[in-house]
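For reference, the structure discussed in these notes is given below.
Protein chains in written order, with our numbering: chain H, 78 to 272; chain F, 476 to 644.
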């Protein structure tokens with residue numbers, strides 16, 4: 078075999094092969110991009126199924142007003158913030174001072190009626206001691222000893238916070254402790270437009 | 476921290492050791508990044524009473540149903556296997572609804588209304604789940620297309636490189 082041009086010309090096949098490589102490369106890059114986007118998402122940030130839905134019905138004693146029990150109707154008429162807490166919840170400890178400071182601000186704004194608690198799967202004594210020691214930022218705390226209201230709210234961890242508008246519909250939900258920034262940027266605007 | 480230091484000190488100065496140390500450092504850094512995530516929302520961790528025993532047929536139905544449902548606290552576990560207290564509460568709720576004569580679909584709808592499509596391992600086919608359901612099919616089609624293409628190329632005319640090999644031999 079002496080035909081030098083034969084050796085010099087690149088193999089003919091690769092036009093098809095090269096396309097295959099390009100497709101494989103594009104697919105790989107696309108997959109990596111998809112995974113990279115996936116990495117930036119917090120798997121704990123569950124989409125709330127309850128946004129836009131009415132606050133579930135309940136009839137439970139409050140820590141301050143046990144009789145008659147509190148119901149969803151008691152919360153109608155004004156925008157309310159409902160914070161699910163428990164004395165056994167470690168993350169609630171970091172959230173507690175934030176709530177206390179916010180409650181002072183709310184009172185100053187004339188919105189002292191806004192913040193309610195749901196005392197979730199707790200014992201009455203432990204809950205009472207928690208509020209006596211750390212201070213009570215809530216108008217009242219709904220006692221959900223069995224966690225049934227928690228299930229209706231789709232609660233999967235404590236603390237969790239819901240904003241309910243004057244019409245009794247859930248407009249916001251946050252899982253995890255509230256921060257001053259979150260309150261300022263996400264919750265406070267809802268109070269200003271809603272109330 | 477001293478354990479970490481000895482770990483690093485124990486390895487020598489060779490290239491492989493240096494590589495190993497880099498990996499170790501990366502692994503520890505990754506742990507450091509992941510740890511705060513665990514301190515975010517606290518799962519419900521209070522012990523509870525176990526479920527009452529069930530008849531065989533009922534237990535089977537309960538098992539099938541809870542296997543298709545996700546434990547929202549420990550997200551990679553299904554309800555059937557989970558011992559997390561919230562999972563226990565949900566299982567009790569499911570049990571009560573079964574006894575009240577609710578169908579499997581009623582019970583699933585109850586949970587989806589509260590926790591979203593996320594609780595079921597078989598989310599419904601909708602616009603936002605289309606990629607999830609159709610994705611694998613698309614990948615198989617691409618793979619099939621590539622395979623057919625490759626075969627066509629392989630069956631094509633004998634390539635010059637092969638010819639030169641034959642001549643030299």
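The beta-carbon is built from N, C-alpha and C at its ideal position, and this holds for glycine as well.
Where does residue i sit, in a helix, a strand or coil, going by DSSP?
{"i": "residue 264 of chain H", "result": "helix"}
{"i": "residue 135 of chain H", "result": "coil"}
{"i": "residue 523 of chain F", "result": "For residue 523 of chain F, the pLDDT reaches just 49, beneath the cut-off of 50, and the residue's location in the model is therefore unreliable, leaving the point undetermined."}
{"i": "residue 197 of chain H", "result": "strand"}
{"i": "residue 600 of chain F", "result": "coil"}
{"i": "residue 512 of chain F", "result": "Only weak support is given to the placement of residue 512 of chain F: the predicted model assigns it a pLDDT of 45, under 50, and the value that follows is read from those uncertain coordinates. Correct three-state label for residue 512 of chain F: helix."}
{"i": "residue 582 of chain F", "result": "helix"}
{"i": "residue 188 of chain H", "result": "coil"}
{"i": "residue 545 of chain F", "result": "strand"}
{"i": "residue 255 of chain H", "result": "coil"}
{"i": "residue 118 of chain H", "result": "coil"}
{"i": "residue 128 of chain H", "result": "coil"}
{"i": "residue 147 of chain H", "result": "strand"}
{"i": "residue 162 of chain H", "result": "strand"}
{"i": "residue 558 of chain F", "result": "coil"}
{"i": "residue 270 of chain H", "result": "helix"}
{"i": "residue 250 of chain H", "result": "strand"}
{"i": "residue 570 of chain F", "result": "helix"}
{"i": "residue 157 of chain H", "result": "strand"}
Relative to the C-alpha of residue i, which candidate in the options has its C-alpha closest?
{"i": "residue 545 of chain F", "options": "F/594, F/609, F/624 and F/615", "result": "F/594"}
{"i": "residue 214 of chain H", "options": "H/221, H/205 and H/127", "result": "H/205"}
{"i": "residue 576 of chain F", "options": "F/533, F/562, F/552 and F/538", "result": "F/533"}
{"i": "residue 285 of chain H", "options": "H/163, H/265, H/270 and H/238", "result": "No answer is possible for residue 285 of chain H: it lies beyond the span of chain H, which begins at 78 and ends at 272."}
{"i": "residue 265 of chain H", "options": "H/168, H/244, H/157 and H/222", "result": "H/157"}
{"i": "residue 238 of chain H", "options": "H/106, H/128 and H/160", "result": "H/160"}
{"i": "residue 242 of chain H", "options": "H/129, H/113, H/101 and H/95", "result": "H/129"}
{"i": "residue 146 of chain H", "options": "H/136, H/210 and H/152", "result": "H/136"}
{"i": "residue 152 of chain H", "options": "H/246, H/250, H/262 and H/258", "result": "H/246"}
{"i": "residue 543 of chain F", "options": "F/592, F/559 and F/605", "result": "F/592"}
{"i": "residue 166 of chain H", "options": "H/183, H/253, H/263 and H/226", "result": "H/253"}
{"i": "residue 102 of chain H", "options": "F/617, F/541, F/573 and F/529", "result": "F/617"}
{"i": "residue 209 of chain H", "options": "H/116, H/143, H/270 and H/173", "result": "H/173"}
{"i": "residue 564 of chain F", "options": "H/198, H/250 and H/186", "result": "H/198"}
{"i": "residue 251 of chain H", "options": "H/169, H/236, H/144 and H/257", "result": "H/236"}
{"i": "residue 255 of chain H", "options": "H/109, H/150, H/183 and H/169", "result": "H/169"}
{"i": "residue 248 of chain H", "options": "H/195, H/125 and H/227", "result": "H/125"}
{"i": "residue 585 of chain F", "options": "H/148, H/244 and H/127", "result": "H/127"}
{"i": "residue 572 of chain F", "options": "F/609, F/556, F/560 and F/540", "result": "F/540"}
{"i": "residue 148 of chain H", "options": "H/187, H/113 and H/195", "result": "H/195"}
{"i": "residue 182 of chain H", "options": "H/94, H/99, H/261 and H/95", "result": "H/261"}
{"i": "residue 610 of chain F", "options": "H/202, H/117, H/222 and H/107", "result": "H/107"}
{"i": "residue 202 of chain H", "options": "H/222, H/186 and H/185", "result": "H/222"}
{"i": "residue 227 of chain H", "options": "F/530, F/562 and F/529", "result": "F/562"}
{"i": "residue 244 of chain H", "options": "H/105, H/150 and H/179", "result": "H/150"}
Could you check how far apart the C-beta atoms of residue i and residue j are, in whole angstroms? I think they sit under 8 Å.
{"i": "residue 133 of chain H", "j": "residue 229 of chain H", "result": "4 Å"}
{"i": "residue 548 of chain F", "j": "residue 224 of chain H", "result": "With 8 Å as the limit, residue 548 of chain F and residue 224 of chain H do not qualify as a contact, their Cβ atoms being about 12 Å apart."}
{"i": "residue 537 of chain F", "j": "residue 570 of chain F", "result": "7 Å"}
{"i": "residue 630 of chain F", "j": "residue 231 of chain H", "result": "Not confirmed; about 58 Å, so no contact."}
{"i": "residue 193 of chain H", "j": "residue 175 of chain H", "result": "Going by Cβ atoms, the distance from residue 193 of chain H to residue 175 of chain H rounds to 16 Å, so no, they are not a contact pair."}
{"i": "residue 240 of chain H", "j": "residue 267 of chain H", "result": "5 Å"}
{"i": "residue 190 of chain H", "j": "residue 155 of chain H", "result": "6 Å"}
{"i": "residue 177 of chain H", "j": "residue 212 of chain H", "result": "5 Å"}
{"i": "residue 97 of chain H", "j": "residue 621 of chain F", "result": "6 Å"}
{"i": "residue 598 of chain F", "j": "residue 607 of chain F", "result": "7 Å"}
{"i": "residue 628 of chain F", "j": "residue 94 of chain H", "result": "6 Å"}
Could you name the residues of the stretch 618-629 of chain F whose beta carbon sits closer than 9 Å to any beta carbon of chain H, in the order they occur along the chain?
-> 620, 621, 624, 625, 627, 628 and 629
Members of the stretch 243-258 of chain H near chain F, C-beta cut-off 7 Å = 252 and 253
For the stretch 589-600 of chain F, which residues have a beta carbon sitting closer than 7 Å to at least one beta carbon of chain H?
-> 589, 590, 591 and 593
May I ask you to list, following chain order, the residues of the stretch 557-582 of chain F that have a beta carbon less than 9 Å from some beta carbon of chain H?
-> 560, 561, 564, 565 and 568
Write down every uninterrupted run of the beta strand (DSSP E) in the stretch 199-244 of chain H whose length is 3 residues or greater and which is fully enclosed by it, in chain order.
-> 218-221 and 237-241
Residues within the stretch 90-111 of chain H neighbouring chain F, beta-carbon criterion of under 8 Å | 90, 93, 94, 96, 97, 100, 101 and 104
Closer than 9 Å, Cβ to any Cβ of chain F: which residues of the stretch 228-244 of chain H, in chain order?
-> 228, 229, 230, 231, 232, 233, 234, 235, 236 and 237
Which residues, taken in chain order from the stretch 189-203 of chain H, show a beta carbon closer than 7 Å to some beta carbon of chain F?
-> 198
Where the stretch 200-224 of chain H meets chain F: residues whose CB sits under 9 Å from a CB there = 223 and 224
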